[in-house]
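There are 2 protein chains.
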Amino acid sequence: MTVNAELVASLRVPPGPVDLTAIKTHVAPGFDGGKEDGKAALYALGPELADLQERLFAEGRSGGNRSVLLVLQGMDTSGKGGTLRSTVGLMDPQGVRITSFKAPTPEELEQDFLWRITRALPEPGYVGVFDRSHYEDVLIARVRSLAPPEELERRYDAINRFEADLVANGTTVVKCMLHISPEEQKKRLLARLDDETKHWKYNPGDVDEREQWPAYREAYEIAIERTNTEAAPWHVVPGDKKWYRNLAIGHLLLDTLHRMALQWPKADFDVVEEKRRLTDEDPLS
Amino acid sequence: MTVNAELVASLRVPPGPVDLTAIKTHVAPGFDGGKEDGKAALYALGPELADLQERLFAEGRSGGNRSVLLVLQGMDTSGKGGTLRSTVGLMDPQGVRITSFKAPTPEELEQDFLWRITRALPEPGYVGVFDRSHYEDVLIARVRSLAPPEELERRYDAINRFEADLVANGTTVVKCMLHISPEEQKKRLLARLDDETKHWKYNPGDVDEREQWPAYREAYEIAIERTNTEAAPWHVVPGDKKWYRNLAIGHLLLDTLHRMALQWPKADFDVVEEKRRLTDEDPLS
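These protein sequences, in sequence, are chains A and B. Counting in our numbering, the first sequence runs from 1028 upward without gaps. Counting in our numbering, the second sequence runs from 1028 upward without gaps.
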């Protein structure tokens, strides 16, 4: 049991109004050490994370209905991709389902906003990861007025009902906002411009969104407050230090899997009889 | 460039009739060294594999249409899952799409056998991996007479047309049969029975399939011969040594990505202007 409970607890958003300006972005709560220690600590979580994930996968193959859904939200450059590579990459890819949500297609826009989300939910035994999610429908949708106010209003409650149903049906929902400062984003955007191998990640539209930073902050604060339920609580992960962000989400995943008390499934066949079939009756040896 | 060309060439099945009994399962062609060397060599491929995969992903995000499809076939315990964990796991999970094909559902059975395959194809920029595939429809389907002979006959040609279309549309198809001996399978099945944490992987039905080993061998030989096209050739990977199997598929993936001559996409925006926007016009600093 290598979960860092203090670290995990520090990420959890308490109920009530949310003030993101009061949550520091460049800190490393619950961890004493620097970048190299943090990377080593993440790497050290690998075996236990992989073991628990395999138990979950095994349970799913044996008739269990439980799964995990990790929701990653954050401004451009906040590190959703890096988290997928460094932390989610510690798990067996066989049991992971990543979905990256882009702007909805015309087909998706004809449906309720949760339609495409439902289609991407993890099957039993899987760890699903959403790189952006249904929260875009109350974030960019609010900032850019992509839906009328009463529809936005309806969505918070719809999300809460949707997530409560998910949890009731066996999916543990872990929601993370990767929290960076506007200064850090500027640094990262400039670094992308300075490196030809990173130009493909840069989109001039990201700067237009950046200009709406205060409006996005407000949209996040409202969304987190309105959907920070007991069933599916929010975490805000300080994200200016990439190594800390990766480590924090590693601990959060490990903590989530630990709480599920995953056991290896019992054999639903006669082990002794199967051994006999393979040794005494085998036509090939 | 760390591709082992000799190793890769040794896996390629030459055109013409296939005799699997003549291909050794416990060997390590093209690699001088033992288990620990092999594991280290695989690990050493990681950075180059990740770099090329990221270029492919970048290309896909920038309007390119190319992708890779790795097809894994083999008898039970031949190591499809281990390959996913150890070799496919070296790549960024963000750019990988794994599909495990089970027995077709009633809905799938109502459609052509390629229907569910088409739905699982990798999007541009992705490395798709099939854990079992449309080849089951000429393997178990042949051994267990799940389709009439004329339908089986039709399928080989349908597969060749399907794969040729895929290749013409930008997908590089890499087909691998993981080749183990019946003795090795017996050892692995018994090991699963001896370990309570592996009981979930054991299915008494696997022994029923094992009893059809000669029929499966013949079905593989026919399928490989009939679908070993220039566009989408077959590889047989000696699989008794797990470390060699993982390393061989690592080299095969690396070789595949190398041949694609992947370049970082050029910026489709004015880099200087974007820097100016971020520094001179930024309202947040």
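For each residue, glycine too, the CB sits at the ideal point set by N, CA and C. In this text the structure is predicted, and so the values were computed from the model without any measurement.
Here's the rule I'm using: 16 or more other beta-carbon atoms within 10 Å means buried, otherwise exposed. How should residue 1222(A) be labelled?
Classification of residue 1222(A): exposed, given that the 10 Å Cβ count is below 16.
Alpha carbon to alpha carbon, how far is residue 1158(B) from residue 1147(B)? Give it in angstroms, no decimals.
If you take the alpha carbons of residue 1147(B) and residue 1158(B), they lie about 11 Å apart.
Per DSSP, which residues does residue 1157(B) bridge with? Please list them.
DSSP lists 1098(B), 1126(B) as partners of residue 1157(B).
Please state the DSSP three-state secondary structure of residue 1053(A).
It is coil, neither helix nor strand.
Any idea if residue 1092(B) is buried or exposed, counting beta-carbon neighbours within 10 angstroms, 16 or more meaning buried?
It counts as exposed.
For residue 1335(A), name the three-state secondary structure that DSSP assigns.
Coverage of chain A is limited to positions 1028 through 1312, which leaves residue 1335(A) absent and any answer about it impossible.
Assign residue 1283(A) to one of three DSSP states: helix, strand, or coil.
The answer is helix: DSSP assigns residue 1283(A) an H, G or I state.
From 1185(A), 1130(A), 1243(A), 1177(A), pick the residue whose C-alpha is nearest to that of residue 973(A); which is it?
A query on residue 973(A) cannot be resolved here, the shown segment of chain A reaching from 1028 to 1312 and no further.
Less than 8 Å separating the beta-carbons of residue 1143(B) and residue 1135(B)?
It is a contact, given that the beta carbons lie within the stated cut-off.
Nearest to residue 1366(A) by alpha carbon, out of 1194(A), 1076(A), 1050(A), 1053(A)?
Outside the displayed span of chain A (1028 to 1312) sits residue 1366(A), for which this structure offers no information.
Could you list which residues in chain B have their beta carbon closer than 7 Å to that of residue 1121(A), in chain order?
Under the 7 Å cutoff, chain B gives 1108, 1111, 1112, 1125.
Which same chain residues, not among the five before or five after residue 1038(A), have their C-beta less than 7 Å away from its C-beta?
Closer than 7 Å at the Cβ level, and outside the excluded window around residue 1038(A), lie 1262, 1263, 1264, 1275, 1279.
Shorter than 7 Å, the distance from the beta carbon of residue 1310(B) to the closest heavy atom of the ligand SAH, or not?
Judged by which ligands are present, the structure shown has none, so any question about the ligand SAH falls away.
Helix, strand or coil for residue 1263(B)? Go by DSSP, reduced to three states.
It is a strand residue.
Between which two residues does the alpha helix (DSSP H) harbouring residue 1254(B) extend?
From DSSP, the alpha helix (DSSP H) with residue 1254(B) extends over 1240-1254.
Would you grab the beta carbon distance between residue 1199(B) and residue 1126(B) for me? Rounded to a whole angstrom, and I think it's under 8 Å.
In fact, because the Cβ distance is near 17 Å, the residues do not count as touching under 8 Å.
State buried or exposed for residue 1041(B), treating a residue as buried only when at least 16 other CB atoms are found within 10 Å of its CB.
By the 10 Å Cβ count, residue 1041(B) comes out exposed.
Using the three-state DSSP reduction, which class does residue 1293(A) fall into: helix, strand or coil?
Residue state, collapsed to three classes: coil.
Taking the straight line between their C-alpha atoms, what separation do you get for residue 1104(A) and residue 1301(B)?
The alpha-carbon atoms of residue 1104(A) and residue 1301(B) are separated by roughly 16 Å.
Where residue 1167(A) and residue 1173(A) are concerned, what is the direct C-alpha to C-alpha distance, given to the nearest angstrom?
Taking the straight line joining both Cα atoms gives about 8 Å.
Threshold first: 4 residues or longer. Then list the alpha helix (DSSP H) segments lying entirely within the segment 1170-1227 of chain B, N to C.
Fully enclosed alpha helix (DSSP H) runs of 4 or longer: 1176-1195, 1209-1221.
Between residue 1047(B) and chain A, is there a C-beta pair that is closer than 8 Å?
It does not; no Cβ of chain A falls within 8 Å.
With DSSP collapsed to three states, give me the class of residue 1272(A).
Residue 1272(A): helix per DSSP, three-state reduction.
Please list the residues of the segment 1238-1261 of chain A that have a C-beta atom closer than 9 Å to any C-beta atom in chain B, keeping them in chain order.
From the segment 1238-1261 of chain A, only 1238, 1240, 1241 have a Cβ closer than 9 Å to chain B.
If you follow the alpha helix (DSSP H) that residue 1133(B) is part of, which residue opens it and which one closes it?
Here the alpha helix (DSSP H) through residue 1133(B) covers 1133-1136.
Of the choices 1030(B), 1107(B), 1295(B), whose alpha-carbon is the least far from that of residue 1220(A)?
Of the listed residues, the one whose Cα sits closest to residue 1220(A) is 1295(B).
Could you tell me if residue 1171(A) is buried or exposed, where buried requires 16 or more neighbouring beta carbons within 10 angstroms of its beta carbon?
By the neighbour-count rule (16 or more Cβ atoms within 10 Å), residue 1171(A) is not buried but exposed.
Can you check whether the CB of residue 1183(A) is closer than 8 Å to the CB of residue 1165(A)?
Cβ atoms of residue 1165(A) and residue 1183(A): closer than 8 Å.
Quick one, which residues of the segment 1284-1307 of chain B are near chain A if we go by CB-CB under 8 Å, in chain order?
If the cut-off is 8 Å between Cβ atoms, the segment 1284-1307 of chain B has 1291, 1292, 1293, 1294, 1296, 1298, 1301, 1302, 1304, 1305, 1306 near chain A.
Kindly say whether residue 1088(B), judged by its beta-carbon, lies nearer than 8 Å to any beta-carbon of chain A.
Answer yes: the Cβ-Cβ gap between residue 1088(B) and chain A drops below 8 Å somewhere.
Kindly indicate which three-state DSSP category residue 1039(B) falls into: helix, strand or coil?
Residue 1039(B) falls in the strand class under three-state DSSP.
Below 7 Å on C-beta distance, what does residue 1223(A) contact in chain B?
Within 7 Å Cβ-Cβ: 1291.
Express the C-alpha separation of residue 1268(A) and residue 1055(A) in angstroms, rounding to a whole number.
Their backbone Cα atoms lie some 8 Å apart in a straight line.
Taking the continuous alpha helix (DSSP H) assigned at residue 1105(B), which residues delimit it?
Careful: residue 1105(B) lies outside any alpha helix (DSSP H) and carries neither H nor E.
Using 8 Å as the cut-off, can you tell me whether the segment 1107-1117 of chain A makes contact with the segment 1235-1248 of chain A, which would need three or more C-beta pairs spanning the two stretches below that distance?
No, they do not touch.
Using only the alpha-carbon positions, how far apart do residue 1052(B) and residue 1120(B) sit?
Their Cα atoms are separated by approximately 30 Å.
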